[in-house]
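Numbering of the sequence shown is given in the working numbering, commencing with residue 33 and proceeding in unit increments.
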Amino acid sequence: MKGHTGIVRSIAISPDGKILVSGSPDKTVMVWDVLTGQSLGTITDHSDWVTAVAISPDGKHLVSASGGSDRSIKIWDLSTLELRQTISKQPKFLILPLVKIATS
């Protein structure tokens with residue numbers, strides 16, 4: 033699977049095992065078909081490196097978190113990759129715990 037221009041810092045797999053999501057310091061989140069390895073889409077809305085990605089237990093939402101100057105958490109519709117909500121300017125120490133809470 034090629035797509036990110038930087039290393040991958042975080043991955044998540046959908047509950048049905050069909051979709052993989054990856055996040056990178058290149059400021060992108062990529063969505064992949066696990067069986068074919070093909071990209072299903074790229075999210076470029078973060079203005080700094082992506083530190084964490086997660087998929088909700090029902091497989092309907094993707095959560096991405098960005099560090100650096102962005103410090104936002106974004107919730108996406110996984111089937112359409114439409115942005116549903118942004119939680120802006122979170123303290124650095126809250127980013128990863130909030131992603132874990134958002135997906136539980």
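C-beta atoms are modelled at their ideal positions from N, C-alpha and C, and glycine is treated no differently.
Extent of the continuous beta strand (DSSP E) run through residue i
i   : result
V61 : V61 to D65
G73 : S71 to I75
Backbone CA spacing between residue i and residue j [nearest angstrom]
i    : j    : result
T135 : I51  : Low per-residue confidence applies at T135: pLDDT is 49, beneath 50, and the placement is therefore not dependable enough to give any value.
D109 : T37  : 24 Å
G99  : K121 : 9 Å
V66  : S101 : 32 Å
G55  : I39  : 9 Å
A84  : S42  : 5 Å
K106 : V82  : 11 Å
Local Cβ density within 10 Å of residue i, reported as buried at 16 or more and exposed below that
i    : result
I75  : buried
L94  : buried
R116 : exposed
S79  : exposed
Identified DSSP bridge partners for residue i
i    : result
I43  : S54
D109 : H93
T118 : K106
S98  : V82
Contact under 9 Å by Cβ, residue i with residue j
i   : j   : result
V63 : G73 : yes
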